[in-house]
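There are 2 protein chains.
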Amino acid sequence: MSNADAAKSPYPWRMDDLVSLCARRGFIFPSSEIYGGINGFWDYGPLGVELKNNLKALWWQRVVRERDDVEGLDSSIICHPRTWEASGHVEHFSDPMVDCRACKKRFRADQLDDAGPCPAREGTSEHDFTEVRRFNLMLKTFIGASEDAAAVAYLRAETCQSIFTDFRRVKDTSRQKIPFGIAQIGKAFRNEINPRNFTFRSREFEQAELEFFIHPSEREKWFAHWLDERQRFHRELGFTADRLRIRAHAPDELAHYAKAAADIEFLFPFGWQEIEGVHDRGDWDLRRHTEYSGKDLSVTDEETKERFTPMVIETSVGIDRTALALLVHGYEEQTLPDGETRTLLRLHPALAPIKVAVLPLSKKLAEPAQKLALELRRRFTTFYDESGNIGRRYRRQDEVGTPFCVTYDFESGTDGKVTVRERDAMAQDRISLEGVQAYLRDRLEVVL
Amino acid sequence: MSNADAAKSPYPWRMDDLVSLCARRGFIFPSSEIYGGINGFWDYGPLGVELKNNLKALWWQRVVRERDDVEGLDSSIICHPRTWEASGHVEHFSDPMVDCRACKKRFRADQLDDAGPCPAREGTSEHDFTEVRRFNLMLKTFIGASEDAAAVAYLRAETCQSIFTDFRRVKDTSRQKIPFGIAQIGKAFRNEINPRNFTFRSREFEQAELEFFIHPSEREKWFAHWLDERQRFHRELGFTADRLRIRAHAPDELAHYAKAAADIEFLFPFGWQEIEGVHDRGDWDLRRHTEYSGKDLSVTDEETKERFTPMVIETSVGIDRTALALLVHGYEEQTLPDGETRTLLRLHPALAPIKVAVLPLSKKLAEPAQKLALELRRRFTTFYDESGNIGRRYRRQDEVGTPFCVTYDFESGTDGKVTVRERDAMAQDRISLEGVQAYLRDRLEVVL
Numbered sequence: 268m269s270n271a272d273a274a275k276s277p278y279p280w281r282m283d284d285l286v287s288l289c290a291r292r293g294f295i296f297p298s299s300e301i302y303g304g305i306n307g308f309w310d311y312g313p314l315g316v317e318l319k320n321n322l323k324a325l326w327w328q329r330v331v332r333e334r335d336d337v338e339g340l341d342s343s344i345i346c347h348p349r350t351w352e353a354s355g356h357v358e359h360f361s362d363p364m365v366d367c368r369a370c371k372k373r374f375r376a377d378q379l380d381d382a383g384p385c386p387a388r389e390g391t392s393e394h395d396f397t398e399v400r401r402f403n404l405m406l407k408t409f410i411g412a413s414e415d416a417a418a419v420a421y422l423r424a425e426t427c428q429s430i431f432t433d434f435r436r437v438k439d440t441s442r443q444k445i446p447f448g449i450a451q452i453g454k455a456f457r458n459e460i461n462p463r464n465f466t467f468r469s470r471e472f473e474q475a476e477l478e479f480f481i482h483p484s485e486r487e488k489w490f491a492h493w494l495d496e497r498q499r500f501h502r503e504l505g506f507t508a509d510r511l512r513i514r515a516h517a518p519d520e521l522a523h524y525a526k527a528a529a530d531i532e533f534l535f536p537f538g539w540q541e542i543e544g545v546h547d548r549g550d551w552d553l554r555r556h557t558e559y560s561g562k563d564l565s566v567t568d569e570e571t572k573e574r575f576t577p578m579v580i581e582t583s584v585g586i587d588r589t590a591l592a593l594l595v596h597g598y599e600e601q602t603l604p605d606g607e608t609r610t611l612l613r614l615h616p617a618l619a620p621i622k623v624a625v626l627p628l629s630k631k632l633a634e635p636a637q638k639l640a641l642e643l644r645r646r647f648t649t650f651y652d653e654s655g656n657i658g659r660r661y662r663r664q665d666e667v668g669t670p671f672c673v674t675y676d677f678e679s680g681t682d683g684k685v686t687v688r689e690r691d692a693m694a695q696d697r698i699s700l701e702g703v704q705a706y707l708r709d710r711l712e713v714v715l
Numbered sequence: 268m269s270n271a272d273a274a275k276s277p278y279p280w281r282m283d284d285l286v287s288l289c290a291r292r293g294f295i296f297p298s299s300e301i302y303g304g305i306n307g308f309w310d311y312g313p314l315g316v317e318l319k320n321n322l323k324a325l326w327w328q329r330v331v332r333e334r335d336d337v338e339g340l341d342s343s344i345i346c347h348p349r350t351w352e353a354s355g356h357v358e359h360f361s362d363p364m365v366d367c368r369a370c371k372k373r374f375r376a377d378q379l380d381d382a383g384p385c386p387a388r389e390g391t392s393e394h395d396f397t398e399v400r401r402f403n404l405m406l407k408t409f410i411g412a413s414e415d416a417a418a419v420a421y422l423r424a425e426t427c428q429s430i431f432t433d434f435r436r437v438k439d440t441s442r443q444k445i446p447f448g449i450a451q452i453g454k455a456f457r458n459e460i461n462p463r464n465f466t467f468r469s470r471e472f473e474q475a476e477l478e479f480f481i482h483p484s485e486r487e488k489w490f491a492h493w494l495d496e497r498q499r500f501h502r503e504l505g506f507t508a509d510r511l512r513i514r515a516h517a518p519d520e521l522a523h524y525a526k527a528a529a530d531i532e533f534l535f536p537f538g539w540q541e542i543e544g545v546h547d548r549g550d551w552d553l554r555r556h557t558e559y560s561g562k563d564l565s566v567t568d569e570e571t572k573e574r575f576t577p578m579v580i581e582t583s584v585g586i587d588r589t590a591l592a593l594l595v596h597g598y599e600e601q602t603l604p605d606g607e608t609r610t611l612l613r614l615h616p617a618l619a620p621i622k623v624a625v626l627p628l629s630k631k632l633a634e635p636a637q638k639l640a641l642e643l644r645r646r647f648t649t650f651y652d653e654s655g656n657i658g659r660r661y662r663r664q665d666e667v668g669t670p671f672c673v674t675y676d677f678e679s680g681t682d683g684k685v686t687v688r689e690r691d692a693m694a695q696d697r698i699s700l701e702g703v704q705a706y707l708r709d710r711l712e713v714v715l
């Protein structure tokens, strides 16, 4: 983040506070922390994995399960290396890079603003850069028993290429006809020279991609459809209009094969950044894989008998980036009317890692409260907490986004009722014990 | 599979028939098929990904969400390379390997039965083997901008190591006390010399692992608890007692640090094979990571003030192997009373990729039938099929394990009823259109 961006941060809190909350409460922390971490790799803790899984489940529900024109796929991370020759990644997927001859550090040539002064050239405060070279971002490995060139393989740099290589197999087995799509969620890897902005730019990340195959005459219609659908999805997550925008690519930004492209951007503390791309990829990918594999990937229109290579509209969303956007959007340091402050994470209830916390007012009430927690846990992710004063226990749930707290008090045993407190308005409802399941179901299962 | 095993196959069908069904109907097929495949890597198609996701969701539900003493985790596939020095993988995770000097093929020294005759030494029918060497099974890659040794990293060979390195962070953030567990589902990679038996032994695979941290005095109790729990899980999947067995490791099979270990084995067409391992790993892992990181991973008993390094009971199940076992267990070529045959996949309804198929008796009934499919699709994975005779459409659903078919016929418009056909018994119920949702929900949501 440049200083100019930091100054303009639209949020009245520091990014470091959110990063610290994520580590302290077990959302996200550095991979291999006890070994000093590994740059660009992150682990999702107990709350982070639930948030991410809920987000992935919602995407799968909306994009795959609720539609009759989209099929799912789960392909291997390592695939045949010819895939990456056909896709152009072996030749072109690189960043421009320079080294400093003095301090031996490496920088992206297009990000030299972030280089800082060279520690080995005191007094000049400038680096001694080499010429710009290209640096391929794919992670390489070796399959089989030797490290010779024949066995080189790559960790996929994007999940979509397998969708193209599996296109015919999926189309034939699912008996779909154009227009239809293939969707996949999975890990991808890029050897970023300079990972940064928490999980935003990391070396291992998760994508949710849809490739929608269409007749060439329908490109504009389907591009508009999917751009609209994907905006709707992000609005459904709770992102408000002031923090979400569409940035259409100018003609000179487009890849040579693309007819149109737009980024869906979210307003992070470090500026407007892409969380999803919607691209008209044309027939580039299927044509390239046809050329490299010798396999025909064209289709025949059953009515007109026209034979054509389908065009592709792609929607590609970063799961880690969207999860980060959810944390940023939900994070709030709130001053209450009584002067107290609380940290709040306003997550959509369907995405919240913990759905309900069960809190006995005293440890003496542990037994019936635990019984309630046990019942709720079969259906909802339920947290049980009996220690500390009730206000503090509410605050602990507020800062991890738990939408409902159920308090079991000294009256509950006699009147058969508990108090349900809602996170955002802090409003309290007194409801019957038997009614808790239904009360929560009505409020939590709206989306899924 | 050796000839001896094949002869003993307990199944009245050939493994090839199941492999062929998987490709033909889009469960599982070779990765990068159009490039000739890549040995040991598989893609899950539209039906396969649903089966696998359902299986993972059930494991997560039973092991993490329904328990208050297990926390989830989702760590990076690439972690700090010191992890694999501490775990012993860099030094010891290898297979014995020989090369044939004549035909240049490579074999596992412990599997020379499968070597076949050497094509380059006709007349002798024997190979000319080199001495046995050790071959490390971890896949290596390079992080950062150079391929020098400092940047070497590995694709994880098992998901559990991050559970150990993240142990303190997860314990502190979740405020759990011993005994408690950390669970994770994710990809792991092993450079198998000889991938085989369809997806059973592949180079990229998915594990669901639980590491349960306990006081040393409770090893036997918790080992028994988890062995029991995990058997119960496999029985819940529908595996019958004749195809599931426990094989306790003999003392001389145990790793030097292990006190007890047992495999849960399933009867595949290629013999009894491990689908899950339950292991008492002692304090080996936490001690090694303490030694290599210099970080204290011991805990204090709050009551006795005793300080100790927890012992670990591990349950580790192969998701791909269990998915394959589900396909094997469910597959049946059935002769019906009328002499007709049908292929059947008896999958547990909660695991079936498609929950319900909506079939109009005639294309003239497409409109109301599609309306019903649209409604059902919001809650259940729903397939709509209007082409071909109804018997053939039933068969197509039977062979992919769809538990219910709903037929909309010429009466439905007037009496407001449809026919629901159950897969296994082929029994038919006539029920009202408004009742279909509830009918299916009662029969499909038993488990989850």
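One line per chain: the protein sequences are A and B, in this order.
Under this note's numbering, the letters of the first sequence match residues 268 to 715, in that order.
Under this note's numbering, the letters of the second sequence match residues 268 to 715, in that order.
Glycine included, C-beta positions come from ideal geometry on N, C-alpha and C.
Cβ of residue i within 7 Å of any chain B Cβ
| i | result |
| --- | --- |
| A/Asn270 | Only weak support exists for where A/Asn270 lies, its pLDDT of 44 falling under 50; the coordinates are left without a value. |
| A/Phe308 | yes |
| A/Tyr661 | no |
| A/Ala273 | Any reading at A/Ala273 must be qualified, since the residue scores a pLDDT of 49, below 50, and its modelled position is unreliable; no value is offered. |
| A/Lys562 | yes |
| A/Ile345 | yes |
| A/Tyr302 | yes |
| A/Phe360 | no |
| A/Asp433 | yes |
| A/Leu511 | no |
| A/Pro313 | yes |
CB-CB length for residue i against residue j, believed under 8 Å
| i | j | result |
| --- | --- | --- |
| A/Gly597 | A/Arg613 | 4 Å |
| B/Gly339 | A/Pro313 | 5 Å |
| A/Thr674 | A/Phe650 | Actually they are not in contact, since the Cβ atoms of A/Thr674 and A/Phe650 sit about 13 Å apart, beyond 8 Å. |
| B/His546 | B/Ala525 | 6 Å |
| A/Gly544 | A/His615 | The Cβ separation is near 23 Å, so there is no contact. |
| A/Leu611 | A/Asp652 | Going by Cβ atoms, the distance from A/Leu611 to A/Asp652 rounds to 18 Å, so no, they are not a contact pair. |
Three-state secondary structure (DSSP) of residue i
| i | result |
| --- | --- |
| B/Arg510 | helix |
| B/Thr408 | strand |
| B/Leu318 | helix |
| B/Arg463 | strand |
| A/Met268 | Confidence at A/Met268 is low in this model, with a pLDDT of 41, below 50, so the placement of that residue is unreliable and no value is reported for it. |
| A/Leu711 | helix |
| B/Glu607 | coil |
| B/Ile301 | helix |
| A/Leu521 | coil |
| A/Trp309 | strand |
Selected residue, minimal CA-CA separation from residue i, among the options
| i | options | result |
| --- | --- | --- |
| A/Val687 | A/His556, A/Thr681, A/Ile698 and A/Gln378 | A/Ile698 |
| B/Gly585 | B/Glu678, B/Leu593 and B/Val579 | B/Leu593 |
| B/Gln601 | B/Gly307, B/Met693, B/Ser392 and B/Thr408 | B/Met693 |
| B/Arg292 | B/Ile621, B/Asn403, B/His556 and B/Leu521 | B/Ile621 |
| A/Trp283 | A/Phe537, A/Glu570, A/Glu543 and A/Asp652 | A small correction: the amino acid at residue 283 of chain A is Asp; Trp does not occupy that position in the sequence shown. Answer by Cα proximity: A/Phe537. |
| A/Glu503 | A/Arg588, A/Arg329 and A/Tyr524 | A/Arg329 |
| B/Val357 | B/Pro297, B/Ala369, B/Glu425 and B/Ser299 | B/Glu425 |
| A/Gly307 | A/Ile657, A/Phe479 and A/Arg457 | A/Arg457 |
| B/Ser565 | B/Pro363, B/Phe434, B/Gln378 and B/Arg708 | B/Phe434 |
| B/Phe402 | B/Thr408, B/Glu459, B/Arg646 and B/Lys371 | B/Glu459 |
Residue-level contact to chain A via CB, residue i, 7 Å cutoff
| i | result |
| --- | --- |
| B/Glu503 | no |
> What are the start and end residues of each continuous beta strand (DSSP E) run of 3 or more residues lying completely inside the region 365-394 of chain B, in chain order?
Replying inline: Runs of the beta strand (DSSP E) inside the region 365-394 of chain B: 373-375.
>> Please give the ranges of any alpha helix (DSSP H) in the region 532-590 of chain A, keeping only runs that are unbroken, at least 4 residues long and fully inside the region.
In response: The qualifying runs are 551-560.
> Which residue spans inside the region 657-694 of chain B form an unbroken beta strand (DSSP E) run of at least 3?
Replying inline: Listed in chain order, the complete beta strand (DSSP E) runs (minimum 3 residues) inside the region 657-694 of chain B are 671-675 and 684-689.
> If you scan the region 443-507 of chain B from start to end, which runs of the alpha helix (DSSP H) of 4 or more residues do you find wholly inside it?
Replying inline: DSSP assignment within the region 443-507 of chain B yields the following whole alpha helix (DSSP H) runs of 4 residues or more, N-terminal first: 486-503.
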